[in-house]
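Peer 1: Here the sequence shown stands for residues 0 to 116, where the numbers follow numbering that gives the first Met the number 0.
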Amino acid sequence: MSSQSSSSGLPIPPQLQGGAEVYNMIMGKIEPDLTSDMIDTLDEKYAGETEEEKVERMKKYAAAFIEYQKQFEAYMNDKKAEVKSFGRGLNQSIETDSTNKEASILDDLESQFSSSS
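(1) Could you tell me the distance, in whole angstroms, from the CA atom of I65 to the CA atom of K58?
(2) Note the first and the last residue of the continuous alpha helix (DSSP H) segment covering I25.
(3) By how many angstroms is the C-alpha of D32 removed from the C-alpha of G86?
(4) Less than 8 Å between the C-beta atoms of M26 and Y67, yes or no?
(5) Identify the continuous alpha helix (DSSP H) that holds D42 and give its terminal residues.
(6) Looking at A19: is its Cβ nearer than 8 Å to the Cβ of S35?
(7) Does E48 come out as helix, strand or coil in the three-state DSSP assignment?
(8) Does the distance from the C-beta atom of P142 to that of L89 stay below 8 Å?
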């Protein structure tokens, strides 16, 4: 996974969303009825449904939650990989910066010794 870099050369941190945002993003693609902004409207929306219809809807919702768990796990694995990649990139950037500073200091010291001899 490639990390992007800012103009300073440091890697750009991954964008992490809050729990409700992640839930709604994933569940909205699976079953919009089950997003957090729709839950409170379901009693009114399905007030006239029969018991059989309700049973079918509950089965559909159960399947939606199973699919949500799969997609959430994949989402989290992707985010973990992004965070690890960011950490590696940041570490590499710090090491490179430190190496460059050390090389500059050594060059300055060598110049001072050369000019004083």
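No residue lacks a Cβ here, since even glycine has one placed at the ideal position from N, Cα and C. What you are looking at is a predicted structure, and each value in this text was computed from that prediction instead of being measured.
Peer 2: According to the structure shown:
(1) The straight-line gap from Cα to Cα measures roughly 11 Å.
(2) From DSSP, the alpha helix (DSSP H) with I25 extends over 18-29.
(3) The alpha-carbon atoms of G86 and D32 are separated by roughly 38 Å.
(4) Yes; because the gap between Cβ atoms is below 8 Å, this pair is in contact.
(5) The continuous alpha helix (DSSP H) containing D42 extends over residues 41-44.
(6) Between A19 and S35, the C-beta spacing is below 8 Å.
(7) In the three-state reduction of the DSSP assignment, E48 falls in the coil class.
(8) Residue 142 is absent from the structure shown; the chain starts at 0 and stops at 116.
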